[in-house]
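Take a look at the structure set out below.
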Amino acid sequence: MADQLVDTFGRVHRDLRISVTDRCNFRCAYCMPAEGLDWMPREDLLTFEEITRTARIMVERYGVTGIRLTGGEPTVRANLPELVGMLSALGADLALTTNGVTLPLLAETLRAAGLNRVNVSCDSLRQDRFADLTRRDDLTRVLEGIDAAVAAGFDPVKVNCVVMRGVNDDEVADFVEFGRSKGVEVRFIEFMPLDADGIWSNDSVVPVEEILALVEAAGPVTPVRRTSAPATRYRFDDGSGTVGIVASVSDSFCATCDRVRLTADGQFRNCLFAVSETDLRALLRSGAGDDEIAAALERSVASKWAGHQINRVHFVRPHRSMSQIGG
Numbered sequence: 002m003a004d005q006l007v008d009t010f011g012r013v014h015r016d017l018r019i020s021v022t023d024r025c026n027f028r029c030a031y032c033m034p035a036e037g038l039d040w041m042p043r044e045d046l047l048t049f050e051e052i053t054r055t056a057r058i059m060v061e062r063y064g065v066t067g068i069r070l071t072g073g074e075p076t077v078r079a080n081l082p083e084l085v086g087m088l089s090a091l092g093a094d095l096a097l098t099t100n101g102v103t104l105p106l107l108a109e110t111l112r113a114a115g116l117n118r119v120n121v122s123c124d125s126l127r128q129d130r131f132a133d134l135t136r137r138d139d140l141t142r143v144l145e146g147i148d149a150a151v152a153a154g155f156d157p158v159k160v161n162c163v164v165m166r167g168v169n170d171d172e173v174a175d176f177v178e179f180g181r182s183k184g185v186e187v188r189f190i191e192f193m194p195l196d197a198d199g200i201w202s203n204d205s206v207v208p209v210e211e212i213l214a215l216v217e218a219a220g221p222v223t224p225v226r227r228t229s230a231p232a233t234r235y236r237f238d239d240g241s242g243t244v245g246i247v248a249s250v251s252d253s254f255c256a257t258c259d260r261v262r263l264t265a266d267g268q269f270r271n272c273l274f275a276v277s278e279t280d281l282r283a284l285l286r287s288g289a290g291d292d293e294i295a296a297a298l299e300r301s302v303a304s305k306w307a308g309h310q311i312n313r314v315h316f317v318r319p320h321r322s323m324s325q326i327g328g
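The sequence shown begins at 2 in this note's numbering and counts up one residue at a time.
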């Protein structure tokens, strides 16, 4: 057995994203169609024990150092703090991506269970626009959730904003000011072709150069040295905070990507845009030993391609939307 998860391009994978549910309490226009989705049956979801076993193999055998819980909306999974406690015992940096609605109730409990960091998804600071995007009038609760995360001691607290041309690109300056006033880091994310309705087009993408120009209108910034993280970070020269930009489309970071994903129904994906999956749930429920599961992980990662090829003629769109894969 190898002691690292390495693909044929030499990339070592140490970041595991785990979707704990496909359900959400929003119906965001780019995550699911207006009529909603057919949620998977509860028995199809991995149990907490199955999730923890998979994570343990990856941490102990392959040196995985980061675990992020996603959804759907992860906080709608019953007894989530119990899972956080189980995973935090593995010693990896444990984070959560959430829409923030339930954080006023859960932030302190999740922190006490061992959660280290929180990312809150919020694509508009305007109440009417937020309601249009999410089909829920819950902006106030999301903002309260961000405050609750800060008060609970999560460090850092990040706010993810997907920037879409003609939809919310006029709010970049507002988000910059919001982040600096709250002491949180806003991460602007290029719109990716993972929307449930399949209406994505390159024309809807606001590329990194445009986003950065809008950020710099608030003040000069200096790039922070890039790591394997998806965001390129910038520090305001006046010391008033940082922002990040995730240029998944216009300037992809595939060459340094170290992330793999486990869906709520136990499918292992070696890339966000993978068109094939490895069925770990079947192995976990058939009595497979750790060596057999580890071998499946190694085969999947070894087969990872060079990059997602968005904007090229041979790009193949995944059959699952973002809410079904996990961010």
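Virtual Cβ for every residue (Gly too), placed ideally from N, Cα, C.
Spatial neighbours of residue i within its chain, please: CB distance less than 6 Å, with the 5 preceding and 5 following residues excluded, ordered by chain position.
i	result
V151	V158
T110	P82
V119	L97, A150, F155, V158
R78	V21, T22
S89	L95, G115
D175	L126
A108	A149, A150, A153
V185	V158, V160
L6	H14, Y63, V302
R24	W40, G73, V77
D138	A132
V314	Only weak support is given to the placement of V314: the predicted model assigns it a pLDDT of 42, under 50, and the question is left unresolved by the model.
Using DSSP bridges, identify the partner residues of residue i.
i	result
Q268	D280
V222	F237
K159	N120, E186
T243	R236
E191	V164
I19	L70, L263
V151	None; V151 has no bridge partner.
R7	As written in the sequence, residue 7 is Val, which differs from the Arg given in the question. The partner list for V7 (beta bridge, DSSP) reads V13.
V206	M165
Report yes if the C-beta distance between residue i and residue j is below 9 Å; otherwise report no.
i	j	result
L106	V173	no
I212	V163	no
T71	T103	no
M87	E50	yes
S122	G167	no
R227	R236	no
I68	V60	yes
F269	A297	yes
N80	V143	no
Leaving out five residues before and five after residue i in sequence, what residues of the same chain have Cβ atoms less than 7 Å from its Cβ?
i	result
D239	G220
T66	R15, A93, D94
L46	T22, A265, D266
R130	N169
D8	V302, A303, K305
D252	V209
F254	P231
Confirm the yes/no value for this check: CB of residue i, any heavy atom of the ligand SAM, distance under 8 Å.
i	result
S287	Among the components of this structure there are no ligands whatsoever, and the ligand SAM is therefore not found.
To which residues of the same chain is residue i closer than 8 Å at the C-beta, ignoring the five residues directly before and after it?
i	result
D4	R62, Y63, G64
D171	none
R12	A256, T257, C258, D259, K305
A141	Note that residue 141 is Thr in the sequence shown, not Ala. Within the same chain, T141 has close Cβ partners Q128.
Assess, as a yes-or-no matter, whether the stretch 13-25 is touched by the stretch 261-268 under the definition of 3 or more beta carbon pairs within less than 8 Å. With contact defined as three or more Cβ pairs closer than 8 Å, the stretch 261-268 and the stretch 13-25 are in contact.
Three or more beta-carbon pairs under 8 Å between the stretch 81-99 and the stretch 48-57, yes or no? Yes: the two stretches touch, three or more of their Cβ pairs being nearer than 8 Å.
Would you list, in sequence order, the uninterrupted beta strand (DSSP E) runs of no fewer than 3 residues that lie entirely inside the stretch 40-104? The stretch 40-104 contains, as complete beta strand (DSSP E) runs of 3+ residues, the segments 67-71, 94-99 (chain order).
Inter-stretch contact at 8 Å, needing at least 3 Cβ pairs: the stretch 230-247 / the stretch 267-286: The stretch 230-247 vs the stretch 267-286: no contact.
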